[in-house]
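Asker: Going down the list, the protein sequences come from chains A, B, C, D, E and F.
The opening residue of the first sequence carries number 1434 in my numbering; numbering runs sequentially from there.
The opening residue of the second sequence carries number 1434 in my numbering; numbering runs sequentially from there.
The opening residue of the third sequence carries number 1434 in my numbering; numbering runs sequentially from there.
The opening residue of the fourth sequence carries number 1434 in my numbering; numbering runs sequentially from there.
The opening residue of the fifth sequence carries number 1434 in my numbering; numbering runs sequentially from there.
The opening residue of the sixth sequence carries number 1434 in my numbering; numbering runs sequentially from there.
Even for Gly, the Cβ is constructed at its ideal location relative to N, Cα and C.
Every value quoted in this text rests on a predicted model; they were computed, and no experiment measured them.
6 protein chains.
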Amino acid sequence: MSQTRKSRLVPEVDYGKDGKQAGFIRLFHSTHESAYGFLPIPIVVVKNGEGPTALFTSGNHGDEYEGQVALTNLIKFLEPGMIRGRVIMMPMANYPAALIGRRVSPIDDLNMNRIFPGDPDGTVTRQIAHYIDSELIPLADLVIDLHSGGSSLNYIPTALAKQSADPVLYQKQLAALRAFGAPYTYIQGGAQGQGGDQTLGSGADRRGSIALGTELGGAGAVNASGLAIAERGLRNLLVHLGILGREHWVEPPVATRFLDVRGPEMYVYAPENGVFEPLVELGDAVVPGTPAARIHMPETPWLPPVEIAFKAGGIVMCKRIPARTKRGDCLFHLASDLAG
Amino acid sequence: MSQTRKSRLVPEVDYGKDGKQAGFIRLFHSTHESAYGFLPIPIVVVKNGEGPTALFTSGNHGDEYEGQVALTNLIKFLEPGMIRGRVIMMPMANYPAALIGRRVSPIDDLNMNRIFPGDPDGTVTRQIAHYIDSELIPLADLVIDLHSGGSSLNYIPTALAKQSADPVLYQKQLAALRAFGAPYTYIQGGAQGQGGDQTLGSGADRRGSIALGTELGGAGAVNASGLAIAERGLRNLLVHLGILGREHWVEPPVATRFLDVRGPEMYVYAPENGVFEPLVELGDAVVPGTPAARIHMPETPWLPPVEIAFKAGGIVMCKRIPARTKRGDCLFHLASDLAG
Amino acid sequence: MSQTRKSRLVPEVDYGKDGKQAGFIRLFHSTHESAYGFLPIPIVVVKNGEGPTALFTSGNHGDEYEGQVALTNLIKFLEPGMIRGRVIMMPMANYPAALIGRRVSPIDDLNMNRIFPGDPDGTVTRQIAHYIDSELIPLADLVIDLHSGGSSLNYIPTALAKQSADPVLYQKQLAALRAFGAPYTYIQGGAQGQGGDQTLGSGADRRGSIALGTELGGAGAVNASGLAIAERGLRNLLVHLGILGREHWVEPPVATRFLDVRGPEMYVYAPENGVFEPLVELGDAVVPGTPAARIHMPETPWLPPVEIAFKAGGIVMCKRIPARTKRGDCLFHLASDLAG
Amino acid sequence: MSQTRKSRLVPEVDYGKDGKQAGFIRLFHSTHESAYGFLPIPIVVVKNGEGPTALFTSGNHGDEYEGQVALTNLIKFLEPGMIRGRVIMMPMANYPAALIGRRVSPIDDLNMNRIFPGDPDGTVTRQIAHYIDSELIPLADLVIDLHSGGSSLNYIPTALAKQSADPVLYQKQLAALRAFGAPYTYIQGGAQGQGGDQTLGSGADRRGSIALGTELGGAGAVNASGLAIAERGLRNLLVHLGILGREHWVEPPVATRFLDVRGPEMYVYAPENGVFEPLVELGDAVVPGTPAARIHMPETPWLPPVEIAFKAGGIVMCKRIPARTKRGDCLFHLASDLAG
Amino acid sequence: MSQTRKSRLVPEVDYGKDGKQAGFIRLFHSTHESAYGFLPIPIVVVKNGEGPTALFTSGNHGDEYEGQVALTNLIKFLEPGMIRGRVIMMPMANYPAALIGRRVSPIDDLNMNRIFPGDPDGTVTRQIAHYIDSELIPLADLVIDLHSGGSSLNYIPTALAKQSADPVLYQKQLAALRAFGAPYTYIQGGAQGQGGDQTLGSGADRRGSIALGTELGGAGAVNASGLAIAERGLRNLLVHLGILGREHWVEPPVATRFLDVRGPEMYVYAPENGVFEPLVELGDAVVPGTPAARIHMPETPWLPPVEIAFKAGGIVMCKRIPARTKRGDCLFHLASDLAG
Amino acid sequence: MSQTRKSRLVPEVDYGKDGKQAGFIRLFHSTHESAYGFLPIPIVVVKNGEGPTALFTSGNHGDEYEGQVALTNLIKFLEPGMIRGRVIMMPMANYPAALIGRRVSPIDDLNMNRIFPGDPDGTVTRQIAHYIDSELIPLADLVIDLHSGGSSLNYIPTALAKQSADPVLYQKQLAALRAFGAPYTYIQGGAQGQGGDQTLGSGADRRGSIALGTELGGAGAVNASGLAIAERGLRNLLVHLGILGREHWVEPPVATRFLDVRGPEMYVYAPENGVFEPLVELGDAVVPGTPAARIHMPETPWLPPVEIAFKAGGIVMCKRIPARTKRGDCLFHLASDLAG
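1. Would a C-beta distance cut-off of 9 Å place A:S1635 and A:E1497 closer than the cut-off?
2. Select from B:A1742, B:I1589, B:K1453, B:P1755 the residue whose C-alpha is nearest the C-alpha of B:F1510.
3. I'd like to know if D:V1443 contacts chain A, where contact means its C-beta is closer than 9 Å to some C-beta of that chain.
4. For C:L1667, which residues in chain F fall below 7 Å Cβ to Cβ?
5. I'd like the list of long-range same chain contacts for B:R1519, defined as Cβ closer than 6 Å, with 5 residues on each side in sequence excluded.
6. What I want to know is whether the C-beta of B:L1649 ends up closer than 8 Å to one or more non-hydrogen atoms of the ligand MN.
7. Tell me which residues of the region 1456–1487 of chain E have at least one Cβ-Cβ distance to chain F shorter than 8 Å, keeping chain order.
8. At 8 Å on the CB atoms, spell out the chain E contacts of F:K1501, in chain order.
9. Buried or exposed: A:D1451, going by 16 or more other Cβ atoms within 10 Å of its Cβ?
10. Note down, in chain order, every chain H residue with its Cβ under 7 Å from the Cβ of C:Q1627.
11. For a contact defined as C-beta to C-beta under 8 Å, what are the partners of F:V1655 on chain C?
12. Taking the straight line between their C-alpha atoms, what separation do you get for F:G1484 and B:D1599?
13. Taking 9 Å as the cut-off, decide whether the C-beta atoms of C:T1464 and D:V1557 are in contact.
14. Which residues in the same chain have their Cβ closer than 7 Å to the Cβ of A:K1605, if we skip the five residues on either side of it in sequence?
15. Since C:F1471 is in the beta strand (DSSP E), which residue starts that stretch and which ends it?
16. Among the residues of its own chain, which have a CB less than 6 Å from the CB of F:A1791, if the five just before and after it don't count?
17. Is B:I1533 buried or exposed, if buried means 16 or more other CB atoms sit within 10 Å of its CB?
18. Strictly below 7 Å CB to CB, what residues from chain F border B:N1544?
19. What residues are listed by DSSP as bridge partners for F:Q1454?
20. Output yes if chain E places a C-beta closer than 9 Å to the C-beta of F:H1673; else output no.
21. What in chain E is Cβ-close to F:G1582, meaning under 9 Å?
22. Compute the distance between the beta-carbons of E:G1707 and E:R1757, then report whether it is under 9 Å.
23. Which class does C:T1586 belong to by DSSP, given the choice of helix, strand or coil?
24. Starting from B:R1563, trace the alpha helix (DSSP H) in both directions and tell me its first and last residue.
25. May I ask you to report which of helix, strand or coil DSSP gives D:H1580?
26. D:Y1766 bridges to which residues according to DSSP?
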C-alpha cells in the first residue's frame, strides 16, 4: 500500500535539471522545539543531458563513515561537464542518525535498513526510506548503498550484492562489482540477521535497479584502505556505466575474489554474557573446530571462561568490536569462495 | 580530610590471612530497587607468609578489557604454594562501569580515575576510589593499574608511569617497567587531560608505592598482543618483586623503548565538529607539519574539509576511534624518546 | 481501513442525552505502573433538544493554552437552558501532552495533529485521534480546533481554515470565520510543514463538517488578547449556528482581515545552527529583501553572524521563540491579503 | 493482513521432531551495540509420537513470575518417555521485558498482551506476538498463558478464560479449567481495560485452541500458593489432555469456584492523585456502598482525604499495590458467582 | 563544617508561635522550568505553651506510606487546646521523592537517609537533610522517623531504635518504644547496609534527642495493620511525653517483644541474577540451614536453580518483594530476641 | 578551602599580553565518548598597556541570549588600538548549557549561578565557576554578568546590582549603573530564590570588584530592546572606566530609575498545579489586592480556577512564561522605587 501513497518530503533540487545542484531534502518534523521546522537531508545532483543514472547513498547507518567521506569528496569532484547522464549523491541518508554517529535514528529508534520500502505516513525514518524507495530509486539504473561494520562490527573492506532473482540483473550486478574492484566481493544468499527484503538494496532490486553494497571497514571509524577502495570503486562504476569517460578508470591492483555467505553456521554468536576475547583476526582462514573466542566473566573471575569454536570453515570477514557482549551477539561471520 | 575517615565498604576476604581467598567487596548501595543490597566488587587475594605485596587493578575504566582478561586469567593461575608474599587482584575496580562496558559509572557518571583519593561519604565511585586509596594501596609495595584506550581511543600496547617526585621511587618505577617489558614505555610528565594527581596511580605514588600503569590497546575491544604483553608483564613483575620464583620469568623479545609525552603540542585536537579521517596510523613517526587528519562535514558536503597537521614530532601512540567528533576531542597524541 | 474499526475508548458521558454532562473519556492504557488504569480525558457535553452540534477542541498540542482556558471557562458558563442543540467541549484533546505542557505526547512522542485519522489499534495518541475522528467529528456540524504557536512559535492572534475542496463548505467556513471575528484570518493553501491532510481539521473537512482553527498566541503562555478573541469568537460561533441566542453575540471591534499563506517562500528557515536574533516583530509588513534575522555563533564569537532576508513580502504572522536554533528551524512565516 | 506474512524469527528447535529440545527462538534485532545479534527467546519442546499439543507460555508480561517459575520447573521435569504428544514451553514470552522484570518491553515500550495478532514487520514485541500467533498457536490444541497481577496489582490466585464464542470450545474451556483446579476461576465477559481481542488468549481462541489463563498472585513477586496451584494445574492439564498419564494427576483440595467479572461497575478507579489506602483485602466480600479506599494528599496534609465506596457487590479479586496513585488507576476489581 | 553554616530553606511557619500553623518549607530550586520557584515541603506545627517537643517525620524515603498517612491523619486531629508543648509534623520529608513515590530523590538521585547531617550548599536532598538536622532536630526532645520497607522490601510492622551510645538516652529510647507499643521492636547494633551514622535517626541521637524509628510494612503499599500500629503509637508517644493527656492513651494489645539484629549472618543476599522464589514468610522462625530461597533462571530454563539456606537462626523480619533480582540484593533479614 | 586550590582549566590566551587574543579555555572532561578531550569555552581578551580591566560574562545561564549576542558583537568591534587597559569577554560562561540553550548544565545538572565560588575538583560546572572566581575575577576592576529571564521568566530590560557591603564599592556600583543607563535598575537586597552569596556577582563583590548584572528580557529569546540597551551599556561602562574614549559614549535617552526588591511579599507564587493565566503585564503598576493571576485546571474543567492577588504594590518587573505551572513556581515579582 505504501508504494502508492505520495512522499511528504520536499527536495530543494530538481532531479530533471541539468547542472550541479546542492541542497536539502526537507522532511518536515513538527516537534516541541520546532513546530514548523524540517530536517535538512543533504542531496547533490549532477546531470548532463541524457544518459544513465547512478544513485550513491551512505549514512543509511549513521555510524558507518567511509561511504560518507567518499561521497563528500566525490560531490566536490564531479562537475556536469565531466559526465553524461546523472549522478545523485545522498551522503547522510539517515540524517538524524548520521548527525550523531549512531546506527539507528535517535528520533524513532529505527534501523533504516530494516524497514524498506518505508511508509510516507510513518515516523521519520520510515518517511526517509519511503522517499528513497519511491522517489530516488525509480530514477536509477544502478544503486550502491555504502556500508561498513558500524560501531559494533569490523569488516575486511569488501563489496557485495544480494543476488537478484532476475538472472539478467544478477549478471549486471557481477559485472558492476568487477568494475568496482574491491579485493573481496561477497554475494548474500540467505544470510540471517542482515535485513532480508527490508534493506535499501532489496528495494532497489525490487524496482529493477542494479543493486550493490559494500562493507568498507567499521569500528565506527574511517578506515584508510576502505576509503581508498570506495573512492576508486565509485569512479570506476561511473566509467562502467558510461557516465564518466575511460580516462577516469583506475585499474584495481587485483581482480576481486568472489565469496559467498551461505547459512547460519557461517556465523558465531555469543553463548553467554561476558567479555569477548577474539582468537582469530579478520582475513584468517579457519576450519570447523578452529577456536574462535573466549567469553570471560571478570565479575566472578574465579570461574573458567567459555570457549567457542567455528562450526564451518572459511575466511573471517567480520568481527565484533565491543568486548562486553551479551548472549546472542554476533562475534564473527565467515565467507567461502563462490561456487561457479 | 577524607583520608582519616573510614571506608564503609566491607570485604568478604581477610587480607592478612594466608591462602587463596575469592569474594566480593560489598558496597552497600540503597536504591529504590534494592534497599539493603550491595554492589559485589570482585576481589581475590593470594598470600603465603611474609613478603612483598603487589596490587593489580583493572576495570578502573569499565571499557578497557585487556587488563580485566589478564587478571581473570592470573586469578585462576596463582596458588599460594607458588608465591612468597601477597598478590591482591581487583579485576573490575569500577564494578558498575565494567559490568556494562562504560568508561564511567552509570550510577554517578563519574570517571574513577579523576577523583582520587575519593571520599567515603561520596557517591558510589568516590567510595570505591577511597577504599582502594585508603585500604588497598597502603598494603602494597607495587601497584599496577591496567588501562587501555577505552571506547574512544586506541593505543600501541605500552607500559607507563607518572614520574614519582621521590627519586628513589622513580628508580624503582624504571626498574619495574623494564621487568614488565612492554615494547614501549612512556613516562608521563605534565600530560594534559590525563588525570593529574587524581588518578589511582597518583594515589599509589602519594602513599609510597611503586606506581605503574599501562595502555594495552583500546577501541573497547580485547587486543591480542596487548593481552599477551600484560600476561607476561604481570608475571615478570611478580618475579621482579620476589613474589614468584625466577622459573616464571619470560624474557621480553625486545628491551622496552622509553618515551615521554611532554607538552600540549604533543596532542592533536579536533578544531570543528564533523567526521574525523585519520591520515596516520599508530606507530607512525611524524614531524611538525605532517598532515594528521581531515574533518569532513557530510551534512553540508559541498564545503571543503578542515585539514590539521602535527605541531610536534614523535611517534603516534594514540588515535581516536569514533569518526564523528566534536571540537576539543583529542585525535592523537605523540611521544618522543626519553632524554637521558 | 482504520475508519471501519471501532474505537476502544469508553466515554463516561452519553452524547445523545439532554442536559450537562461532565466526565472523562477512558483510554485504557496498561502500563507497568497501572495494569488496568485509564487515561482520563476530560469531556463536557451540553445538550438541549434538537439542533446543530458544535465540537470545540483544544490541547491537541499540549503546550497551547488560550483554547484550553477559553473552553474551561465556557464549560462553566454554558447551561442546557441557554442553548438549542449541542456543544461538545474537549479542552485537553491530547491529554497526556497537555498535562505536562508538551506539544507531543510523552507516551509515544507523537504529534496528534500529524496523524489523523488515527488508528484504534495504534499507540495512545493514534487512539485519541481515531476517537475524535470516528466518534466525535461525525456528530458535529462545525468543528473548531483551538491552536496557538506553542512553545517554539508565537503568532498574532488569528483564526484560520484550510480551504475545503467542497465550495459550499468553503463558503460556510468563510461565514463562520467572519462570525468568529478575529482581527486576522488566514486561509491555508499548500502551506508546508503544517500537517497537510493529517490534521484534526482535515479530518473534520473530510467528514463534511465546517472545519475551523485558530492561532491565538504562543510562546507556551496564555496571551490575554488571544484569550479574549477566543472567548468572544466561540460564543459568536454558537450564535452563528443558532445554538445560542442573539443576546450572546458580541460584535468584534473590526471585521476580520482575510489573508492567505501561499508557498514555501512565505517561510524563513534557519540556514545554520546558532543563536537567532529576529530583526522584525509580529505584525510588521515586509518586502522581499527586508532583513529578517541574524544567526550568531557565540561558541566562536570571532566569526561573523549569518544574515537572512525575506524572499517574499507580507505581514509577519509567526515568529520563532527559542533563540538557540538549528538548521531547518522555521523562524518566521508571512501572510498576504487573500485574493478575491 | 499480518496473518499471511511470514515471521522472520528463527527457532533453534524443530517442533516436529521427537525428543526433548531446548534452545532459543532467534529474533534478529540490529542495534548500535550489536548489528547482527539476536534476542535469544528460550523455548523447550518435548515430543513423543502422535498426540495432542499443549502450549504453555509465561512472561508475556515480564513482571509476572509464578508462571515463569512453574514452567522453568516443568521444563526440567518433563521427559519424552513420560508423554504422548507434545508440550511446547515458552517461559519468557516477552523476553526483553522478562529479563528486566518489566510489564512492557524496554525496546519498544509495548505491552505484548495488547497487540495480538502482532506484525512480522513491526517492532520487536509485535514480531514476538506474531510468531506466537502464527507459528506456535496453530500447533496447539490447548494454550495456557500464565499471568499474575504484575508490579501494580495483586490477585487471589485464580484461573480464568475469556469465554469462547464457539460453544463447543467454551465447554472445553470449562472442562480444562476444572482440571486445572484453581480455588477460583473466573470467566471474562466484557471486562474493560483487560485487552479485549488483542491478547494472546484471544489469538488462541480465534485459531480454535482451548484458550486459558491465570492470575496467580502479583506485586512483582513469587507467591508460594499461586506457584503451587500452577504446578499442580499444569500437570493436571497434561493429564486432562492425555499427554501425561493419570499417575500424574493431583486432586485439587476443593473444586474450583466459578466467578465472572461483568461490567465496569465491578472496577474501582482512583478519582484523584494521591496516596491510596485500601480499606478491604483480597478475598473480602463486599456490597454496594462498602468503603473501598481513601486517597490521601500528604503534600497538603491539612486537606481531607477522598473516600471511595464500591458500587457493586462481590469478592475482591484484585487490589492495586503501589500507594502513590493517579486519577484513573484501577484500585480493585470484584467478581461474582457465575450464573448457571 | 556543615553544621555551622546556615540553611537556605525558608519556613512559612514560626516554630516558636502558639497555635496550629500549616504551610511549606520553601526550598528555592532554580531550574530551566522555574528560575525562581521553590519546592513546597509541607510542615505543620501545633504548639501550646511550654512543654516538650516531638518531631514526627515520614516520607524520608518517598515510597514508604504508612507514616505519611498516619501523620496526614494526625495533622487533622491535633489542635492546640489538646496539647501542652509542641508537635512538629513533616509528612513528606523528602518531598520530591514522596511526590512521585520513589525511595530516592528524582532531582539528585540521593537517598536522604544516607546523607545526614546534610549540607546547606549541596544538592536538593542534602539541603533538606541539613535543614532537618540543623533546624528541626535541635528543637525536639523526641524524634520518630516513620519508615516501612519501601518498594523493594516488606517488613512485619515493627518499631526500632539504633541504640544510643549515651546510656541515659538508651533507657529513654526503650521507655518510649514500650509506649509506642508495636508488637515487635528491634534494636539496631551493627546492622550493615542500613545507613550507619548517616540516617536522620543518627542525626537526632547525635544532638541528644530520643531517636526512634519504625518499619511499618512495605511493598510500596499502605499496610492496614502497620498504619493502625503507627496511629496508636504516635498518640501514645505524645502521652508518654506529656504532650497529650492520659485520656489519649490506647493500651497496646500485647507488650512489645524486643529483638536485635546483630551481624551480617542475619542477612541473606542473592548469589546470582535471576528470579527470586522465597521459601519462608515474614514472621517464620528459622534455624541455620533452613532453606531460604531459590534463584531461577528462566532465560536458560534447562539449568537448575541456585538454592540458598539461612546461616543464622531467628525470626524473618524482612523479605524482598521484586522477584527479578541481582547478585548482592538483600532477600531477607532475621532478628533474634534481645539479650538482657 | 576551594580558593587555595588551583584550577585545572587551561586557557589558550595569555591575559597579560597586549593585543587581541581569541581562543578557548580548555576544560578537560574525560568521557566515554572522548577520553582526553576538552570542553572549548570561548574567551577573548583585548589589551592595550596599563589601565583598568573589565570582565564581561554572559551565558552563565545558557538560555539567556541578549548578553551572548551583545558580547559576540563587541568581540568583533573592539580592537587593541581603541582601548587603554583590558577587556575580557566570556560570552558562553557555562558553555555546555549555552550550547544547547538550557539554564543548567546538561553534564551535571547544576545552575552555575548557585554554586560560586565553585570547586576545582568538582564536576564540570563547579570547575568553571571556580575558574571564573579564582582566575578571572581577581584580574577585574569591574565585572558585569549579563542575564535575562531565561526560558521560564520574562523581564523588563533592566540593570541591577546586589548592594555591596562595602559602602565605597556600593557607590561605585551606583555610578557604573548610571553609566550603563538601562531604563530601570534595581538593587537586590534580601531577594529570595535569587542565589544569595552563591552567584558570580557575589563572588566578584567578595573579591572587591564592582559587581553588576542585568535582566535584559527573557522567554529564551533575543529581545531587541534589551539587546540595544546592553550594547550601549557595555560601551558606556568601558568609557566610564576609562578603557574606551568619550567618543564611544552614547547618552541613554532617560536616566535610569532606581528600584529595589525587598521582601518575600514582592513575589507571587503558584498555589496549585495548573494553567497560569496572567492578569497583568510587565511594567504595570499594582497595589496590594490587584488581581495577579488565575490558575485553571483543564483536566477537571468543571472546577473553578484559583485566583491570586498581589500582596504588595510596585511595578511588575518579571513574569513567568510557561502556562503549565506547579505549586511553588514564581509567577511575578515586583519592584518599588529605591528609598533615598
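Answerer: On the basis of the data shown:
1. no
2. B:K1453
3. yes
4. Within chain F, no residue comes near C:L1667; the closest Cβ sits about 14 Å away, beyond 7 Å.
5. K1480, T1486
6. Absence of the ligand MN is noted for the structure shown, with no ligands found whatsoever.
7. F1457, R1459, F1461, S1463, T1464, H1465, E1466, S1467, A1468, Y1469, G1470, F1471, L1472, P1473
8. According to the sequence provided, residue 1501 of chain F is Gln. The question's Lys does not apply to it. Within chain E, no residue comes near F:Q1501; the closest Cβ sits about 16 Å away, beyond 8 Å.
9. exposed
10. This model lacks chain H altogether; the protein chains it does include are A, B, C, D, E and F.
11. V1708, F1709, E1710, P1711, A1756
12. 45 Å
13. no
14. I1643
15. 1471–1481
16. A query on residue 1791 of chain F cannot be resolved here, the shown segment of chain F reaching from 1434 to 1773 and no further.
17. exposed
18. S1463
19. F:V1478
20. no
21. A1468
22. yes
23. Before going on, a small fix: residue 1586 of chain C reads as Leu here, not Thr. In the structure shown, C:L1586 sits in a strand (DSSP, three-state: E or B).
24. Residue identity differs from the one stated: residue 1563 of chain B is His in this sequence, not Arg. Looking at the DSSP string, the run of the alpha helix (DSSP H) that includes B:H1563 is 1557–1564.
25. strand
26. Strictly speaking, residue 1766 of chain D in this sequence is His, with Tyr absent from that position. The partner list for D:H1766 (beta bridge, DSSP) reads D:Y1700, D:C1751.
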